[in-house]
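Student: Here the sequence shown is numbered in the working numbering, starting from 560 and rising by one per residue.
All residues carry an ideal CB built from backbone N, CA and C; glycine is no exception.
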Amino acid sequence: MIKSMTGFGRAVAETDGYVITVEIKSVNHRYFEFSSRIPRQYGFLDDKLKSYINSRVSRGKVECYVSIDALNTEAAQVVVNNTLASAYVSALKELSKNYDLKEDFGASTVARFQDVLVVKKADDDEEKIWNYVKSVTDTALDKFISMRTVEGEKMKNDISSRADYILSCVEYIEKRSPETVKEYNDKLVERVHDLIGDVSLDEGRVIQEVAIYADKVAVAEETVRLRSHLDQLKAFINADEPVGRKMDFLVQEINRETNTIGSKANDVDIARKVVDIKAEVEKIREQIQNIE
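In structure tokens:
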């Protein structure tokens, strides 16, 4: 089943003295793009989360937020990030110098900057923390993917309905196309009679002209390919794998065949159906931009 690239999932769990929160959200993107907001002391989680989420999500611009709070403060220690603190102090001094300001900042000022003071549990173990976070991430991912699936089902129904309408237009064109040839034959015979009166009509020449016209406006090959593309489109929207990029290519092919029919058709009714098909194809294309 197709999935939308738009989704959100959140999970919170308390385990072994930690409260862990994971939020995952995404919007459409051509490829998989990952960014995260993780407490600095747990930065080692970034690559692990990227790989783990990518194993279940193939496309989309994905953002992941992780919060890890230690409940047992007695077993925790506050650590100064001296490198970051030094950078902040240098920046403040430069600011004071450049703008002739008083250097009236103290330790409390620097401590308020993000990640200067880090609360760390004495028994923090990277592998253990990762296992805890992975478990919460699984729950958040389940909710995230569920939302994508629900949205994908709505998109599937919409695309299916539009594909059915396009097929009805193709069927009309298939029926109408031979009629245009017969109408051309009748008009040609009538025109020749108007010009030559009772003079014997060269039926062979008329047949030849009609055959040339029929070949010029023939769209059987295009409608056969359109039917095939529509069948493939229906198969894609019921697939269990990511098919967004495949569908994007397929819609381009549908549009190309439709344009060919439009350029060949010398009939107002067929031209109207071509316009209708192109309008539906554009709406399908817009939907596909958000399909994984």
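Would you call the region 694-705 and the region 572-581 touching, i.e. three or more CB-CB distances under 8 Å?
Tutor: Verdict: yes, contact present.
Student: Here's a check: name, in chain order, each residue in its chain whose Cβ is nearer than 8 Å to the Cβ of V675, leaving out the five neighbours to either side.
Tutor: Counting only Cβ-Cβ distances below 8 Å, and skipping sequence neighbours, we find V639, N640, L643, A644, Y647 and V669.
Student: Grouping DSSP H, G and I as helix and E and B as strand, with all else coil, what is A722?
Tutor: It is helical.
Student: According to DSSP, which residues form a beta bridge with C623?
Tutor: Its beta-bridge partners are I583 and S595.
Student: By the three-class DSSP mapping on this structure, what secondary structure does V769 have?
Tutor: Here the model assigns V769 a pLDDT of 49, short of 50, so the residue's position is not dependable and the matter cannot be decided.
Student: For I597, which residues of its own chain have a beta-carbon under 7 Å away from its beta-carbon, when the five flanking residues on both sides are left out?
Tutor: Only L604, D605 and V625 meet the Cβ criterion.
Student: Work out the CA separation of N825 and M806 for me, nearest whole Å.
Tutor: If I take the Cα positions, the gap works out to 30 Å.
Student: In the DSSP assignment, find the alpha helix (DSSP H) that holds F664 and state where it starts and stops.
Tutor: Segment: none, F664 is in no alpha helix (DSSP H) and carries neither H nor E.
Student: How would you label L700, buried or exposed, when you count the other beta carbons within 10 angstroms and need 16 or more for buried?
Tutor: Answer is buried; the Cβ neighbour count reaches 16.
Student: To the nearest angstrom, how far is the alpha carbon of K609 from that of I813?
Tutor: Roughly 36 Å between the two C-alpha positions.
Student: In chain order, what residues of the same chain have a beta carbon less than 6 Å from the beta carbon of S503, not counting five sequence neighbours either side?
Tutor: Outside the shown range of the chain, which is 560 to 851, sits residue 503, and nothing can be said about it.
Student: According to the neighbour-count rule (16 or more other Cβ atoms, all chains shown, within 10 Å of its Cβ), is E851 buried or exposed?
Tutor: Label assigned to E851: buried.
Student: Answer with buried or exposed for F795, where buried requires no fewer than 16 other C-beta atoms within 10 angstroms of its C-beta.
Tutor: Per the 10 Å Cβ criterion, buried.
Student: Is F672 helix, strand or coil when you go by DSSP?
Tutor: Correct three-state label for F672: coil.
Student: Starting from the Cα of V810, find the closest Cα among K823, V834 and V840 and give me that residue.
Tutor: When only C-alpha atoms are compared, the closest one is V840.
Student: For V729 and T782, what's the separation of their Cα atoms in angstroms?
Tutor: Each residue's alpha carbon lies about 6 Å from the other.
Student: Verify the CB distance criterion: does E781 have a CB-CB separation below 7 Å to chain B?
Tutor: Protein chain content of the structure displayed is limited to a single chain, and chain B is not contained in it.
Student: Tell me which residues share the same chain as G711 and place their Cβ nearer than 8 Å to its Cβ, disregarding the 5 neighbours each side in the sequence.
Tutor: Within the same chain, G711 has close Cβ partners M560, I561, K562, S563, I850 and E851.
Student: In terms of DSSP beta bridges, what is I829 paired with?
Tutor: I829 pairs with nothing; no bridge assigned.
Student: Output the distance between the C-alpha atoms of V769 and V802, rounded to the nearest integer angstrom.
Tutor: Low confidence applies to V769: its pLDDT is 49, below 50, so where it sits in the model is not reliable enough to give any reading.
Student: Just how far apart, CA to CA, sit T817 and F567?
Tutor: Rounded to whole angstroms, T817 to F567 spans 38 Å at the Cα level.
Student: Can you give me the start and stop residues for the beta strand (DSSP E) that T574 sits inside?
Tutor: That run of the beta strand (DSSP E) goes G566 to T574.
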